Structures are given as structure tokens and as C-alpha cells.
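Report on the following structure.
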Amino acid sequence: MKIVIVVTEPSGDFLGFQLMKEIKKKKKNIAIHGLGGELMQSCGLKSWIDIKEFSTIGVFEVLIRIFKFMKMLNLVEKKIMDLKPDLVITIDSPSFSYRLIKRIQKLRESGSRFIHYVAPTVWAWKKYRAKIFSHLYDELFTLFNFEPRYFKKYGLKTTFVGHEIFFEKIKTKKKKKIILFLPGSRKTEIVRNLNLLNKTIKYTKKEFKDFKICILSFKPYLKLINLILNDNEINIITDFKKKQQVLNDSFLAVASSGSVTLELCKFKTPTIVVYDTHIITRLIIKLFVKVKYASIMNIMFNKEIIPEFLFEKFKFINLTKQINKLIKFKKERKIQEYYMNKFSKLMLNRGIKPSKIIVDKIL
Numbered sequence: 601m602k603i604v605i606v607v608t609e610p611s612g613d614f615l616g617f618q619l620m621k622e623i624k625k626k627k628k629n630i631a632i633h634g635l636g637g638e639l640m641q642s643c644g645l646k647s648w649i650d651i652k653e654f655s656t657i658g659v660f661e662v663l664i665r666i667f668k669f670m671k672m673l674n675l676v677e678k679k680i681m682d683l684k685p686d687l688v689i690t691i692d693s694p695s696f697s698y699r700l701i702k703r704i705q706k707l708r709e710s711g712s713r714f715i716h717y718v719a720p721t722v723w724a725w726k727k728y729r730a731k732i733f734s735h736l737y738d739e740l741f742t743l744f745n746f747e748p749r750y751f752k753k754y755g756l757k758t759t760f761v762g763h764e765i766f767f768e769k770i771k772t773k774k775k776k777k778i779i780l781f782l783p784g785s786r787k788t789e790i791v792r793n794l795n796l797l798n799k800t801i802k803y804t805k806k807e808f809k810d811f812k813i814c815i816l817s818f819k820p821y822l823k824l825i826n827l828i829l830n831d832n833e834i835n836i837i838t839d840f841k842k843k844q845q846v847l848n849d850s851f852l853a854v855a856s857s858g859s860v861t862l863e864l865c866k867f868k869t870p871t872i873v874v875y876d877t878h879i880i881t882r883l884i885i886k887l888f889v890k891v892k893y894a895s896i897m898n899i900m901f902n903k904e905i906i907p908e909f910l911f912e913k914f915k916f917i918n919l920t921k922q923i924n925k926l927i928k929f930k931k932e933r934k935i936q937e938y939y940m941n942k943f944s945k946l947m948l949n950r951g952i953k954p955s956k957i958i959v960d961k962i963l
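Spelled out as C-alpha cells, the structure:
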């Protein structure tokens, strides 16, 4: 049996890694090909493309790199068509994923099946994608319990599985005096967010002298971060093995909106969410996005539990005021911790690992 797994970003790499481990546990002689990051490669995948090449986010940012995007799409399509796999699994990255699956529909004639893991956020914007995905895929697995209904109405077999990170057996610890900054997982995010955070980082270093200031990122961006910060005293963590520990230990995190907020939630680490993007992308988001919040926990509870400073609200004065609140007032921290605990229980989905649910259904 031949399987192709396609992942284009670090959050998907983690899910793909868990999926690969489960597949190999069930059937040892399966050949797995495709795209993946360091984690999937550590499980034996030889990635067709370095996924750092996909380090772009936002409508405008993708448009100005459209030729590179199309070249990668063409390459992956050719690889899959030549391989003729039994199963193609795309994880997250909806814009790339559905375009790829649309191009390889002919493989159905030889019995190939198409699975997608992590639903496109049709409940936030681009609602029409639910119909497109339902026509292109055989099955969909979602992270959140409210998502299946958007796809089932178009006849797509859809299952809520929860998120793998909530199944990792790590005990939450007493918090240490660490303020953690997470500027994002893509180069464009890091450059924009870190330039806006730089003044705040300097402020926290000066104002909270008994706290250690840390930046959590990825090895390929270490030089870039050093160049922006120009401060040797700030601890930049790029070792994946230390990631869980620092997320768990931190007293407070200031994080770019994204999947890392789920991990912070798991560790009950009080968090502030920030985000900015190109002005054109910003205008498109404001026009078409239908939800009030960026963080999934805020969306699920329909209230701003985690403070969000997005776009024009992403300012030094707003951030420093909120940092002071969450460091100095226990009540502010306890509110977040209560809802984080509640959210974590919802994500456990009867205690069965998502990768196990998926593999049992598809193999």
C-alpha cells in the first residue's frame, strides 16, 4: 500500500508525525511519501520539498509569490500522478490542498482515495469552501466539535477527532518567572510581528528584571530574529525538544495568533494574542471574516478570555497594559486558567487519540 501525506506548515507537521507513527504501528510495510517537516522526516519521510518554501501567509503575500506557489503545486501533482498512491492525505493548508486534490481527481479511476485532516475555517470565512471540499474529498477529520455540520450537509463523511496536543502526557507545572514571546511560524509573520513586538520586549526586560525573557521560534529563523532584536541577553529557543518545557514553564506568553495558542491552553499558560499582516490582507479579512475573535477558545466560548490585539490594536501601550495586568493580578490569570481547563476537556473527545481514530477509519 502506498500513502501520500501532504503538509506545508509546522503545525501540520506535528499532526502528520502523529499520524505516521499510528500508521506504522498498525501496518509496518506501508510506504509513505509526500511533504513534511522535521518531525515527519524523523519518522522516515523524505520530503519532496522543504516546507520552509511555503513560508507565506495572507492573500496579498501569496499573490506576490504566485509563480513560486504554482511551481511547487505542479511538482507535487506530478510526483503524486507518477506514484499513483492508494491514499492521499492533505493536512490543513486548505488553499494548497484543495487545488492539489482538484488536479489529481483522475487517480480515482485507479482507486485512489482522498482524505483531508483539519477542516478549512468555513465558519469564519469563505463558506463556499465547504461545498468544494465535499465534492473533492472522500472523508474529512476536524479538530473542533462544531465543524462537521458545515460539511455533512453536502454529503461529505466528516468526523470530529479533537487535537493531538491535548493527548500528550505532560503535567502542568508551577510557573517560573519567564515571559515568552512567540512571533509566528512563517518568515513573513516573524518579520512583521517581531518588529512590532521589539519595543514591548525591551520594556518587559527593563520593567520585570526578575523575569527571564524568551523567544520561541524555529532554527531557520534564528539569524533573522537576532538581526531584528539585536540583543544577546534574550534567550531564543529553537530546539523542538525544549518547546513543550518552555510553554509549560512560562508565567505569561505573548503569541502570534495560530495553533500555538492551543498548546498554551493545554499548559494553562496565561496568554495575550497579537497579529498583524499586510494592509491589503487586513482589509480583506475585515470585509469577509465573520467571527469576532482570532483565538479558537474565544470563538468557542464567544467571549474574549484571551486578550487579542490585532492589526491597529497591536500597539505598545495596549500590550504593556495587559502584560502588567496578567503579571500583577492573580484574578486575571485565574479566569484564563478556568476556561483553558474547560476547553482542554472538550478537546479530549472521549479520550481517544485523533491519529488512532483516523487510522482505524482509513486503513
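Counted from 1, the sequence shown has number 654 at position 54 by my numbering; the numbering is strictly sequential.
Where a beta carbon is used, it is the ideal one built from N, C-alpha and C, also for glycine.
Please read all numbers here as calculations on a predicted model, not as lab measurements.
When burial is assigned at 16 or more other CB atoms within 10 Å of the CB, is residue i buried or exposed?
i    : result
A631 : exposed
D849 : buried
P820 : exposed
L926 : buried
D682 : exposed
G762 : buried
I623 : buried
G951 : exposed
L852 : buried
D613 : buried
V676 : buried
D839 : exposed
With DSSP as the reference, label residue i as helix, strand or coil.
i    : result
V860 : helix
E908 : strand
R708 : helix
A719 : coil
A724 : coil
F760 : strand
E677 : helix
T608 : coil
I765 : helix
I958 : helix
R699 : helix
I923 : helix
F741 : strand
F714 : strand
I952 : coil
G616 : helix
K602 : strand
L645 : coil
I689 : strand
I778 : strand
I770 : coil
L963 : coil
I632 : strand
Compute the beta-carbon to beta-carbon distance between residue i and residue j, rounded to the nearest angstrom, for a pair I have assumed lies under 8 Å.
i    : j    : result
F818 : S856 : Wrong, their Cβ atoms sit about 13 Å apart, outside the cutoff.
T861 : V873 : 6 Å
K610 : G637 : Rather than Lys, the amino acid found at residue 610 in this sequence is Pro. Indeed, because the Cβ distance is near 6 Å, the residues count as touching under 8 Å.
I958 : L619 : 6 Å
P685 : S712 : 6 Å
L687 : I715 : 7 Å
F595 : L796 : Here the chain has residues from 601 to 963 only, and residue 595 is not among them.
K944 : C814 : Here residue 944 is Ser; the residue named in the question, Lys, does not match the sequence. With 8 Å as the limit, S944 and C814 do not qualify as a contact, their Cβ atoms being about 23 Å apart.
Rounded to the nearest angstrom, what separates residue i and residue j at their Cα positions?
i    : j    : result
E579 : K931 : No answer is possible for residue 579: the residues shown for the chain start at 601 and end at 963.
F808 : P907 : 20 Å
I651 : Y698 : 17 Å
F781 : F746 : 30 Å
K668 : N674 : 10 Å
M940 : F744 : 15 Å
E912 : D876 : 8 Å
I834 : I778 : 11 Å
V889 : V722 : 10 Å
K928 : S895 : 23 Å
K671 : I680 : 15 Å
V718 : T800 : 33 Å
D960 : K921 : 48 Å
I829 : L919 : According to the sequence as given, residue 829 is Leu; it is not Ile. For L829 and L919, the distance between alpha carbons rounds to 18 Å.
T570 : I923 : Residue 570 lies beyond the range of the chain shown here (601 to 963); nothing can be said about it.
I790 : L816 : 11 Å
K625 : I935 : 40 Å
K956 : K805 : 44 Å
D831 : I603 : 46 Å
L847 : I765 : 12 Å
L700 : R708 : 14 Å
V607 : K702 : 16 Å
W648 : K628 : 22 Å
M900 : M640 : 30 Å
Y964 : K775 : As displayed, the chain neither begins before 601 nor continues past 963, which places residue 964 out of reach and without an answer.
F767 : F867 : 12 Å
Y803 : K753 : 51 Å
Is there at least one non-hydrogen atom of the ligand MN closer than 8 Å to the beta-carbon of residue i?
i    : result
D738 : With respect to the ligand MN, the structure offers nothing, as it holds no ligand at all.
Going along the chain, which unbroken runs of the alpha helix (DSSP H) with 4 or more residues stay wholly within the stretch 782–839? 787–807 and 822–829
Would you list, in sequence order, the uninterrupted beta strand (DSSP E) runs of no fewer than 3 residues that lie entirely inside the stretch 869–911? 871–875 and 908–910
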